[in-house]
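Numbering (the numbering used here), first residue to last: 832 to 1145.
Quick reminder that beta carbons are idealized off the backbone N, C-alpha and C, glycines included.
Note that this is a predicted model, so its numbers are computed, not measured.
Contents: one structure, followed by commentary.
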Amino acid sequence: MFPRTVQAGRNAANSAIIHNIVPRSLLSTSAVSYKAKLPHEKLRYAPKVDELKLSNYTENSQRTGVIARKKGMTGMWDEWGVRVPVTVLQLEKVQVVSIIETSNPSCARLQIGCGVRKEKNTSKPMKGHYDAHGVEPKAKLFEFPISPDAALPVGTEISAAHFVPGQLVDVTAPGLGKGFQGVMKRWGFSGGRASHGNSLAHRTPGSTGNINPGRVYPGKKMPGRMGGKNVTVIRLPVMKVDTALNCIWVKGPVPGHDEQFIKVRDSTKLIKHRLFPEGAVVPFPTYIPGQSPALPRETIAKVGGQDPLVPSSD
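Structural data, given as structure tokens:
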């Protein structure tokens, strides 16, 4: 064995040789260099929008959605006099809060806020988030995927004129909660026999399977909490747009109770359908007062086709 002083000298010499040959960056074990190698330290992309201006809508474009409040259901009559059940959705101070950074340059996301929240009811982290973007506190926040060409500057207000009468939309909201329910209401079971000989087993699920492996499989249809989960209804036509009340009339029922926040966006799943009616002027990326053509207070969708109330010649 070498003396301790000789061994220390050899270690110092070897270290000097290694550092002269191998780059110092490859030998660094500092926290900064280690953090740069973590998988979450990826490049992030966000479209930069300096000003709000109109552009051309393409088939690959995807506009942002909005947050609306469900006001209830009513009826209206189309151009042929046929009554159509509709749900009224109102947009209350819908605004772009921030542009979310993503890892894909071809995809972007917008954070949209709706309504007004009192400052005393806003947490300090969220208050700082709103102050950083110069937007007043919102009652509800959601994110919507968009194409980079449909990005909007922070603070842009979106009105009901964002939608075109006759277009198709998808609506998403939590459905009505129905509490703890049995298998007949929750899953549509037929129940037990109603004849004599059946003792307190009219609405029971019956056998739930064998005793091996002695447990209940995940997803087994049994009694439990029903409703209260997000429901999406696709391809609902917009029957009317009211620019004065900032409301849109959507054909058919919409999930959720009255005054529920509803996410409304352009339909994404199209099968033998057109997203917008033929010849419609699509406000892209959104309706801009002063740049987009002026609209009347109410714009009603045209159903077209043959009058259904007149018998055919066949």
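Inset, instruction - May I ask which residues mark the beginning and end of the beta strand (DSSP E) holding Gly787? - result: Outside the modelled stretch of the chain, which goes from 832 to 1145, sits residue 787, for which no answer is possible.
Inset, instruction - Express the C-alpha separation of Gly1008 and Phe1092 in angstroms, rounding to a whole number. - result: Start at 1 with the first residue of the sequence shown, and residue 1092 comes out as number 261. Start at 1 with the first residue of the sequence shown, and residue 1008 comes out as number 177. C-alpha separation (whole angstroms): 15 Å.
Inset, instruction - For Ala862, I'd like the list of residues in its chain whose CB is within less than 6 Å of its CB, leaving aside the five on either flank, ordered along the chain. - result: Start at 1 with the first residue of the sequence shown, and residue 862 comes out as number 31. Note that Ala862 scores a pLDDT of 43, beneath 50, so its modelled location is shaky; the value from the coordinates is reported in the next line. Excluding residues within five positions, none has a Cβ falling inside 6 Å.
Legend entry - Ile1065: CB within 7 Å of a non-hydrogen atom of the ligand MG: For the ligand MG, the structure offers nothing, since it holds no ligand at all.
Legend entry - Residues near Phe1113 by beta carbon distance below 7 Å, same chain, minus five either side: Position 282 of the sequence shown, counting from 1, holds the residue named residue 1113. Going by the sequence as given, residue 1113 is Val instead of Phe. So the list reads Tyr888, Val995 and Phe1107, once near-sequence residues are dropped.
Inset, instruction - Kindly indicate the opening and closing residues of the alpha helix (DSSP H) around Asp962. - result: Stepping through the sequence shown from its first residue, residue 962 is reached at position 131. Lys955 to His964 is the span of the alpha helix (DSSP H), which, as asked, contains Asp962.
Legend entry - Residue of Met1057, Leu983, Phe975 and Tyr961 minimising C-alpha distance to Val1002: Within the sequence shown, numbered from 1, the residue matching residue 1002 stands at position 171. Considering only alpha carbons, the answer is Phe975.
Legend entry - CA-to-CA distance, Val1062 to Met1154, given in whole angstroms: Lying outside 832 to 1145, the shown extent of the chain, residue 1154 is not represented and no answer is given.
Inset, instruction - Report the residue from Thr1099, Val1069 and Gln893 whose alpha carbon sits nearest the alpha carbon of Ser937. - result: Locating residue 937 in the sequence shown gives position 106, counting from the first residue. The residue with the shortest Cα to Cα distance from Ser937 is Gln893.
Inset, instruction - Report yes if the C-beta distance between Thr1074 and Arg1034 is below 8 Å; otherwise report no. - result: In the sequence shown, residue 1074 corresponds to position 243, counting from 1. In the sequence shown, residue 1034 corresponds to position 203, counting from 1. Cβ distance not < 8 Å, so Thr1074 and Arg1034 don't count as in contact.
Inset, instruction - Determine the contact status of Val917 and Met904, defining contact as a CB-CB distance below 8 Å. - result: Here residue 917 refers to the residue found at position 86 of the sequence shown. Here residue 904 refers to the residue found at position 73 of the sequence shown. A contact, by the Cβ cut-off of 8 Å.
Legend entry - Arg1017 and Gly1059 closer than 8 Å at C-beta: As a position in the sequence shown, residue 1017 is number 186, starting the count at 1. As a position in the sequence shown, residue 1059 is number 228, starting the count at 1. Contact flag unset, no.
Legend entry - Start-to-end residues for the beta strand (DSSP E) that takes in Trp908: Working through the sequence shown from its first residue, we reach residue 908 at position 77. First-last of the beta strand (DSSP E) with Trp908: Val897 to Trp908.
Legend entry - Under the three-state DSSP convention, the category Asn952 falls into: Locating residue 952 in the sequence shown gives position 121, counting from the first residue. Of the three classes helix, strand and coil, the one that applies to Asn952 here is helix, per DSSP.
Legend entry - For Val802, the first and last residue of its enclosing alpha helix (DSSP H): Because the chain is modelled from 832 through 1145, residue 802 falls outside the range shown and cannot be assessed.
Legend entry - the stretch 944-953 in contact with the stretch 1063-1073 per 3-pair CB rule at 8 Å: no
Legend entry - Boundaries of the beta strand (DSSP E) in which Gln921 is found, first to last residue: What you label residue 921 is simply residue 90 of the sequence shown in a count that begins at 1. Here the beta strand (DSSP E) through Gln921 covers Arg914 to Gln921.
Legend entry - C-beta contact flag for Cys945 and Ala963 at 8 Å: For this step, residue 945 is matched to residue 114 along the sequence shown. For this step, residue 963 is matched to residue 132 along the sequence shown. Cβ distance not < 8 Å, so Cys945 and Ala963 don't count as in contact.
Legend entry - The beta strand (DSSP E) enclosing Arg1066, as first and last residue numbers: Residue numbering aside, residue 1066 sits at position 235 when the sequence shown is read from its first letter. Run containing Arg1066: Asn1061 to Asp1073, per the beta strand (DSSP E) assignment.
Legend entry - Cβ-based neighbour list, Gly1023, same chain, cut-off 8 Å, excluding 5 preceding and 5 following: Counted from its first residue, the sequence shown places residue 1023 at position 192. For Gly1023, where only same-chain residues beyond five positions count, the Cβ hits under 8 Å are Asn1029, Ala1032, His1033, Arg1034, Thr1035 and Gly1037.
Legend entry - Nearest-angstrom Cα separation, counted from Thr895 out to Arg1096: Taking the first residue of the sequence shown as position 1, residue 1096 is located at position 265. Taking the first residue of the sequence shown as position 1, residue 895 is located at position 64. Their Cα atoms are separated by approximately 7 Å.
Legend entry - Inter-residue Cα distance where the pair is Gly965 and Ile1065: Within the sequence shown, residue 965 is the residue found at index 134, counting from 1. Within the sequence shown, residue 1065 is the residue found at index 234, counting from 1. Answer to the nearest angstrom: the Cα atoms are 34 Å apart.
Inset, instruction - Would you decide whether Val1150 is buried or exposed? Buried here means 16 or more other CB atoms lie within 10 Å of its CB. - result: Residue 1150 falls outside the range modelled here, since the chain spans only 832 to 1145, and no answer is possible.
Legend entry - Endpoints, the beta strand (DSSP E) within which Met1057 is located: Numbered from 1 along the sequence shown, position 226 holds the residue referred to as residue 1057. Counting along the chain, the beta strand (DSSP E) containing Met1057 begins and ends at Gly1055 to Met1057.
Inset, instruction - Would you kindly check if the distance between the Cβ of Gln921 and the Cβ of Lys1076 is under 8 Å? - result: Counted from its first residue, the sequence shown places residue 1076 at position 245. Counted from its first residue, the sequence shown places residue 921 at position 90. Per the sequence shown, residue 1076 should be read as Leu rather than Lys. Yes, these two residues count as a Cβ contact at 8 Å.
Inset, instruction - Taking Leu941 as part of the beta strand (DSSP E), name the residues at either end of that continuous run. - result: Sequence index remark: in the sequence shown, residue 941 carries index 110 (1-based). It spans Ala939 to Cys945 - the beta strand (DSSP E) in which Leu941 sits, taken as one unbroken run.
Inset, instruction - Work out the CA separation of Gly1010 and Pro1086 for me, nearest whole Å. - result: Working through the sequence shown from its first residue, we reach residue 1086 at position 255. Working through the sequence shown from its first residue, we reach residue 1010 at position 179. Straight-line Cα distance between these residues: approximately 16 Å.
Inset, instruction - Measure the Cβ-Cβ separation of Ile989 and Val928 and say whether it is below 8 Å. - result: As a working note, residue 989 is residue 158 in the sequence shown. As a working note, residue 928 is residue 97 in the sequence shown. Going by C-beta atoms, Ile989 is not nearer than 8 Å to Val928.
Legend entry - Sequence-distant residues of its chain with Cβ nearer than 8 Å to Pro1005 (five each side left out): Stepping through the sequence shown from its first residue, residue 1005 is reached at position 174. Closer than 8 Å at the Cβ level, and outside the excluded window around Pro1005, lie Gly1059, Lys1060, Asn1061, Val1062, Pro1086, Gly1087 and Gln1091.
Legend entry - Assigned exposure category for Ile943 - 16 Cβ within 10 Å defines buried: Start at 1 with the first residue of the sequence shown, and residue 943 comes out as number 112. With 16 or more other Cβ atoms within 10 Å, it is buried.
Inset, instruction - Can you give me the Cβ contacts of Pro1139 inside the same chain, cut-off strictly under 8 Å, excluding the 5 residues immediately before and after it? - result: Along the sequence shown, read from residue 1 onward, the residue named residue 1139 stands at position 308. Result list for Pro1139: Trp911 and Val913, in chain order.
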